[in-house]
Amino acid sequence: MQTNSSRIRLLDILRGFAIIGTLGTNIWLFADPGASLFILTLDETTNRLDYWVHLFFSIFINGKLLGLLTIMFGIGLEMKYRKALRDDLPWKKMYLWTMLLLFLDGLLHYILVFEYDILMSYAITGMIVAFLVGCREKVMKRWMASAASIHILGLTVMTMAWVWMFQEEEILSEIIQEFSVSEIIYTSSSYLEQVHFRLSNFISMRFEAIAIIFMNIFLYLVGIRLYRSGAFSDDERGRAKRKKLLVWGLGLGIPLNALIMIPGQIFDLFTRYLFAPVLSLGYIGLLAFLSERNWVSWLLARFEVIGKCALSCYVLQNLLASIIFYSWGFGLAPSTNVYLIVGAWIFITVVMMLVAHIFVKTMGTGPLEWIWRKLSYAPFKKISTK
1313 MQTNSSRIRL LDILRGFAII GTLGTNIWLF ADPGASLFIL TLDETTNRLD
1363 YWVHLFFSIF INGKLLGLLT IMFGIGLEMK YRKALRDDLP WKKMYLWTML
1413 LLFLDGLLHY ILVFEYDILM SYAITGMIVA FLVGCREKVM KRWMASAASI
1463 HILGLTVMTM AWVWMFQEEE ILSEIIQEFS VSEIIYTSSS YLEQVHFRLS
1513 NFISMRFEAI AIIFMNIFLY LVGIRLYRSG AFSDDERGRA KRKKLLVWGL
1563 GLGIPLNALI MIPGQIFDLF TRYLFAPVLS LGYIGLLAFL SERNWVSWLL
1613 ARFEVIGKCA LSCYVLQNLL ASIIFYSWGF GLAPSTNVYL IVGAWIFITV
1663 VMMLVAHIFV KTMGTGPLEW IWRKLSYAPF KKISTK
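Taken in order, the sequence shown gives residues 1313 to 1698; the numbers are from the working numbering.
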């Protein structure tokens, strides 16, 4: 039942699934730091097994679960907004403070752990959407249309540059050479040298986080409108909406994302930054379908505990991947071995399941969630008790 007081199990399942899927994208970046440029492409020159594994990840995982995670943040924003109204808390002050904490968390995560941190981008998006969540429906629709239009325009320009870059061998060679610096740093440098590298290249390494802001705004608003539409209600209306998400999300999302197979790099960026969220909506319907019928219940329960510790597990998975692949840990990078990379993904996922289970059993949530919640509401406790 979609109520203000009870926790919605499906949302935790979706968060957990999104966290695991996000690792499914990032694990390739950890394994082969110098090949970050090619995470968006499908290499047809690899052997048959490698090709099919890459194809599976490209169609079903790469960017899809990041889109789902973004939608989940939008849903979370709407739930916090309702709680603030219910508890008579100053919404904008409270949420901007909360997003500042998330930004600082992301900044530390970027500096100390992983250059492709997404939390900072989510924090900036949340600060913007905090001013939109209370707007009339028409205003919100205009913002969605504007954000989508700007994003698609920028993506089209970037795609033109992307295709041109792959056709110009000299330019591509220079760019690959620049990316090879990352491989040297992460495969032969100390931990402190890697921290210094991320600090020294802060602006250039944060390009993607800035470039996806308009996509994030759109997906946050999608999450808000999904929640308001009753898509997570335990009634016939909610089930009907989730069935539509399943049918249309998978029905359109799979063929659209399969366009990555077309040679020439034309759809590399579109599949990750435009078509991926369509499949994300399909995943919402799919996991709801499985949950309602109590199928693969053990697996869904594992997703659920990770979802309750989503922030903690996101940081944990990147820390574990760093230890496995970077030079200051086991130093397994650079590696293009599909068995090793997928094996590391499965191993870290199992560790997250075990650790999250312990956290939920002992604390009810993850440690970072507990700290974040305490700090988020601490300045406003006096206000709420007046």
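By construction, the Cβ of each residue, glycine as well, lies at the ideal position given by its N, Cα and C atoms. What you are looking at is a predicted structure, and each value in this text was computed from that prediction instead of being measured.
Residue i and residue j: beta carbons closer than 8 angstroms?
| i | j | result |
| --- | --- | --- |
| Gly1594 | Gly1561 | yes |
| Ile1387 | Leu1538 | yes |
| Ile1618 | Thr1471 | no |
| Leu1598 | Asn1569 | no |
| Phe1526 | Ala1435 | no |
| Leu1710 | Thr1334 | Residue 1710 is absent from the model: the chain starts at 1313 and stops at 1698. |
| Val1441 | Leu1533 | yes |
| Cys1625 | Ala1656 | no |
| Leu1557 | Ile1596 | yes |
| Leu1531 | Ile1383 | yes |
| Tyr1585 | Ile1529 | no |
| Met1432 | Gly1418 | yes |
| Glu1616 | Arg1321 | yes |
| Ile1497 | Glu1486 | no |
Rounded to a whole number of angstroms, what is the C-alpha to C-alpha distance between residue i and residue j?
| i | j | result |
| --- | --- | --- |
| Leu1416 | Thr1661 | 26 angstroms |
| Leu1424 | Val1507 | 6 angstroms |
| Ile1325 | Glu1481 | 45 angstroms |
| Asp1580 | Thr1337 | 14 angstroms |
| Ile1371 | Phe1587 | 10 angstroms |
| Thr1583 | Leu1666 | 33 angstroms |
| Phe1405 | Ile1483 | Looking at the sequence provided, one finds Lys at residue 1405 rather than Phe. Between Lys1405 and Ile1483, the C-alpha separation is close to 47 angstroms. |
| Asn1374 | Lys1395 | 33 angstroms |
| Ile1488 | Arg1454 | 40 angstroms |
| Ser1545 | Arg1551 | 7 angstroms |
| Ala1330 | Leu1381 | 5 angstroms |
| Phe1509 | Gly1576 | 33 angstroms |
| Gln1629 | Phe1369 | 18 angstroms |
| Lys1555 | Arg1448 | 27 angstroms |
| Gly1643 | Phe1637 | 5 angstroms |
| Met1313 | Lys1553 | For Met1313, the pLDDT reaches just 37, beneath the cut-off of 50, and the residue's location in the model is therefore unreliable, although a value from the coordinates is still provided. Spanning the two alpha carbons is a distance of roughly 14 angstroms. |
| Met1601 | Met1517 | Note that residue 1601 is Phe in the sequence shown, not Met. C-alpha separation (whole angstroms): 39 angstroms. |
| Arg1540 | Pro1402 | 21 angstroms |
| Leu1465 | Lys1392 | 32 angstroms |
| Thr1410 | Leu1444 | 16 angstroms |
| Trp1610 | Pro1691 | 39 angstroms |
| Phe1606 | His1421 | Looking at the sequence itself, residue 1606 is Asn, so the reference to Phe does not match. Their backbone Cα atoms lie some 36 angstroms apart in a straight line. |
| Ile1566 | Tyr1363 | 18 angstroms |
Assign residue i to one of three DSSP states: helix, strand, or coil.
| i | result |
| --- | --- |
| Leu1511 | helix |
| Pro1691 | helix |
| Lys1698 | Note that Lys1698 scores a pLDDT of 45, beneath 50, so its modelled location is shaky; the value from the coordinates is reported in the next line. DSSP places Lys1698 in coil when its eight states are reduced to three. |
| Ser1317 | Any reading at Ser1317 is ruled out, since the residue's pLDDT is 40, under 50, leaving its predicted position unreliable. |
| Lys1686 | helix |
| Asp1417 | helix |
| Met1675 | coil |
| Tyr1428 | coil |
| Gly1641 | coil |
| Asn1528 | helix |
| Leu1611 | helix |
| Gly1576 | coil |
| Ser1516 | helix |
| Arg1540 | helix |
| Leu1444 | coil |
| Gly1375 | coil |
| Ser1545 | coil |
Between which two residues does the alpha helix (DSSP H) harbouring residue i extend?
| i | result |
| --- | --- |
| Ala1645 | Neither: Ala1645 is in no alpha helix (DSSP H) and is coded neither H nor E. |
| Asp1324 | Arg1321 to Ala1343 |
| Ile1593 | Note on residue identity: the sequence assigns Leu, not Ile, to residue 1593. First-last of the alpha helix (DSSP H) with Leu1593: Ala1588 to Glu1604. |
| Gln1489 | Glu1481 to Ser1500 |
| Gln1629 | Ala1622 to Phe1637 |
| Thr1437 | Leu1431 to Val1441 |
| Thr1583 | No alpha helix (DSSP H) holds Thr1583; DSSP gives it neither H nor E. |
| Pro1567 | Glu1548 to Asn1569 |
| Ala1347 | That residue, Ala1347, is in no alpha helix (DSSP H); it is neither H nor E in DSSP. |
| Asp1399 | Here Asp1399 belongs to no alpha helix (DSSP H), and DSSP marks it neither H nor E. |
| Val1365 | Arg1360 to Phe1372 |
Spatial neighbours of residue i within its chain, please: C-beta separation below 7 angstroms, excluding the five flanking residues on both sides.
| i | result |
| --- | --- |
| Leu1623 | Gly1678, Leu1680, Glu1681 and Trp1684 |
| Thr1315 | Note that Thr1315 scores a pLDDT of 41, beneath 50, so its modelled location is shaky; the value from the coordinates is reported in the next line. Hits under 7 angstroms: none found. |
| Ser1492 | Gly1346 |
| Phe1478 | Leu1484 and Gln1577 |
| Val1663 | Leu1632 |
| Arg1327 | Met1384, Gly1619 and Ala1622 |
| Gly1503 | Position check: residue 1503 holds Tyr in this sequence, whereas Gly was assumed. Taken in chain order, the residues that qualify are Trp1640. |
| His1463 | Phe1526, Met1527 and Phe1530 |
| Ile1339 | Ala1633, Ile1653, Ala1656 and Trp1657 |
With a threshold of 8 angstroms on Cβ separation, who are the neighbours of residue i within its own chain once the five nearest residues in sequence on each side are excluded?
| i | result |
| --- | --- |
| Met1675 | Trp1682 |
| Val1365 | Val1650 and Val1654 |
| Pro1646 | Ala1343, Asp1344, Pro1345, Gly1346, Ala1347, Glu1495 and Thr1499 |
| Leu1687 | Leu1413 |
Please return the same chain residues whose Cβ sits closer than 6 angstroms to the Cβ of residue i, not counting the five positions on each side in sequence.
| i | result |
| --- | --- |
| Leu1632 | Ile1660 |
| Val1672 | Val1617 and Lys1620 |
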